[in-house]
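Notes follow once the structure below has been shown.
Number of protein chains: 2
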Amino acid sequence: MNEKQTAVIFKAFCDENRIKILKLLMGGEKCACRLLEEMSFTQPTLSHHMKILCESGIVQGRKEGKWVYYSISADGISKAQEYLDFLKNE
Amino acid sequence: MNEKQTAVIFKAFCDENRIKILKLLMGGEKCACRLLEEMSFTQPTLSHHMKILCESGIVQGRKEGKWVYYSISADGISKAQEYLDFLKNE
DNA sequence: CACACATATAGAATTTTGTCAATACGTTTA
DNA sequence: TAAACGTATTGACAAAATTCTATATGTGTG
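Each protein sequence line maps, in turn, to chains A and B. Position 25 (the first sequence) corresponds to 26 in the numbering used here; numbering is contiguous. Position 89 (the second sequence) corresponds to 90 in the numbering used here; numbering is contiguous.
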C-alpha cells in the first residue's frame, strides 16, 4: 500500500464532523436523513462527508429505494488497524 | 476523548508526506536533517509536519545539542488503536 | 566573541478542504 | 404522468492546510 492510499484511508478520521458521524454509526446502520438530523450542516455537506468516508473504506453504503443506509465496515477498519500494527512493530 | 482530540491524533496519517516520514521513522530514530534529505520540500515545511506529528502523539522528539531526533511513539499509536478497536466492537 | 550549523517561527502565496445554494437524479406515491 | 421526497452533483465562496522565503533562536566551534 502506497502513501497516497494510506492517507485516503485515514482521511476518514481527520475531520471532527466525520468522527461525529462515525460515532453515530456506532449505534448501527443509519440512513442519511437520520444522520443529517444530528449534524449541524446542510444535506450536500453530509453527502460530501459520506463520500469521503466511503472512499476511505471505513463506511459502506446500501441503497434501498429512496434511502441510503450507511454503516461502519469492519473490513475497512481492519485495513487501518493493519497499518498501525505495521507501524508499531518495527 | 472528544471528536476534536480524535481528529488531532489522526491528522498524523491523513497527509501523504507525513505517511512517508512515518515510513522513514519505522527504520528507527532519525534526526530531522536526515529526514529532510529524503523529502522533497524545504526545511521549514519539514518542521511544520514534525510539529503536527508530535502534536498527534504518534511521534516524539528528543533534542540533543543542535539536533532533534524523532521516533515513533508506541504509546501514541496505542491511542489510535484504542479508538479503532472501540469503533469496531460496537 | 564571531561564525557556522540545525531547527523553529513569521508571514505570504498557493492549494486543498469544507460549506452552502441551486439544481439534477432516481424512486415512490397520488 | 406529475408531484413529492431523499440523495448526489455543480459551482461558488470561505476557511484551513501546505508550502515557500526570510529570519530568528539556540548550540557548538574556531
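Virtual Cβ for every residue (Gly too), placed ideally from N, Cα, C. Source: prediction; values computed, not measured.
Inter-residue Cα distance where the pair is residue i and residue j
i, j, result
"methionine 51(B)", "glutamate 4(A)", "17 angstroms"
"leucine 37(A)", "phenylalanine 87(B)", "23 angstroms"
"glutamate 83(B)", "glutamate 39(A)", "25 angstroms"
"proline 45(A)", "glutamate 65(B)", "50 angstroms"
"isoleucine 10(B)", "glycine 62(A)", "26 angstroms"
"lysine 79(A)", "lysine 12(A)", "The residue asked about is misnamed: residue 79(A) is serine in this sequence, not lysine. Each residue's alpha carbon lies about 15 angstroms from the other."
"glutamine 6(A)", "cysteine 55(A)", "13 angstroms"
Closer than 9 angstroms to chain A by CB, residue i
i, result
"glutamate 4(B)", "yes"
"lysine 89(B)", "yes"
"cysteine 15(B)", "yes"
"lysine 31(B)", "no"
"phenylalanine 11(B)", "yes"
"serine 79(B)", "yes"
"glutamine 82(B)", "yes"
"lysine 24(B)", "yes"
Residue i (DSSP reduced to helix, strand or coil)
i, result
"lysine 67(B)", "coil"
"glycine 29(A)", "coil"
"serine 72(A)", "strand"
"glycine 77(B)", "helix"
Original post:
Does the segment 17-36 of chain B come within contact of the segment 72-79 of chain B, defined as at least 3 CB pairs closer than 8 angstroms?
Top reply: yes
Original post:
At a Cβ cut of 9 angstroms, what residues of the segment 50-70 of chain A count as close to chain B, listed as they run along the chain?
Top reply: Ile59
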